[in-house]
Amino acid sequence: ALMEDIKQLDAELAALMKSQSEMDKIRQEEKADFSAAQADLQLGLEGVRKALTVLRDYYANSDAFVQQPAMPEKHSKATGAGTGIIGILEVVESDFAKNLAKEEAQEDDAQSEYDEVTQENKVAKTMKDQD
Numbered sequence: 762a763l764m765e766d767i768k769q770l771d772a773e774l775a776a777l778m779k780s781q782s783e784m785d786k787i788r789q790e791e792k793a794d795f796s797a798a799q800a801d802l803q804l805g806l807e808g809v810r811k812a813l814t815v816l817r818d819y820y821a822n823s824d825a826f827v828q829q830p831a832m833p834e835k836h837s838k839a840t841g842a843g844t845g846i847i848g849i850l851e852v853v854e855s856d857f858a859k860n861l862a863k864e865e866a867q868e869d870d871a872q873s874e875y876d877e878v879t880q881e882n883k884v885a886k887t888m889k890d891q892d
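Take the sequence shown: its position 101, counting from 1, is numbered 862 in our numbering, and each next residue is one higher.
So, in structure tokens, the structure goes:
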């Protein structure tokens, strides 16, 4: 009976270690996916913010882009169009920021769950090792 108990414990330990190994691999893949998504969203957010700065400066400043040749007398800034474009970019900026926050929250949750299960597995392994 003792030998059977030892075999049973060894099998349980092996299954636990295999499960932890698979979980480690999945967690690494999730982390890599998150890092890529985070980088893309941050780049997008940065680009939209730069575009907004340029457009806001242009429409707020009558001497914008001084290096440009003087515009013909008939030219005037289409402020309505500028306001529309700025509005659209503000929505895009908001979407990028929301998506980034969502990705970060999901990453935090996944990491917390992984840490919790890993700790439970360590405790279970210690208990089985002592048996």
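Here a beta-carbon is modelled for each residue, glycine too, at the ideal position from N, C-alpha and C.
Because the structure is a prediction, the values reported are computed rather than measured.
So what's residue i in DSSP terms, helix, strand or just coil?
i	result
N822	coil
A762	coil
D869	helix
D892	coil
E881	helix
L806	helix
So does residue i have its beta carbon nearer than 7 angstroms to some heavy atom of the ligand FMN?
i	result
A762	For the structure depicted, the ligand FMN is absent and the ligand set is empty, with no information on it obtainable.
Hey, is residue i's beta-carbon within less than 8 angstroms of any beta-carbon in chain B?
i	result
A812	Although the question refers to chain B, the structure presented lacks it and comprises just one protein chain.
Taking three-plus beta-carbon pairs below 8 angstroms as touching, is the segment 845–862 in contact with the segment 776–793?
no
Below 8 angstroms, can you find three or more Cβ-Cβ pairs linking the segment 847–858 to the segment 882–892?
no
Inter-stretch contact (C-beta, 8 angstroms, three-pair minimum) for the segment 790–807 and the segment 762–776
Note that the segment 790–807 does not touch the segment 762–776; fewer than 3 beta-carbon pairs, one per stretch, sit closer than 8 angstroms.
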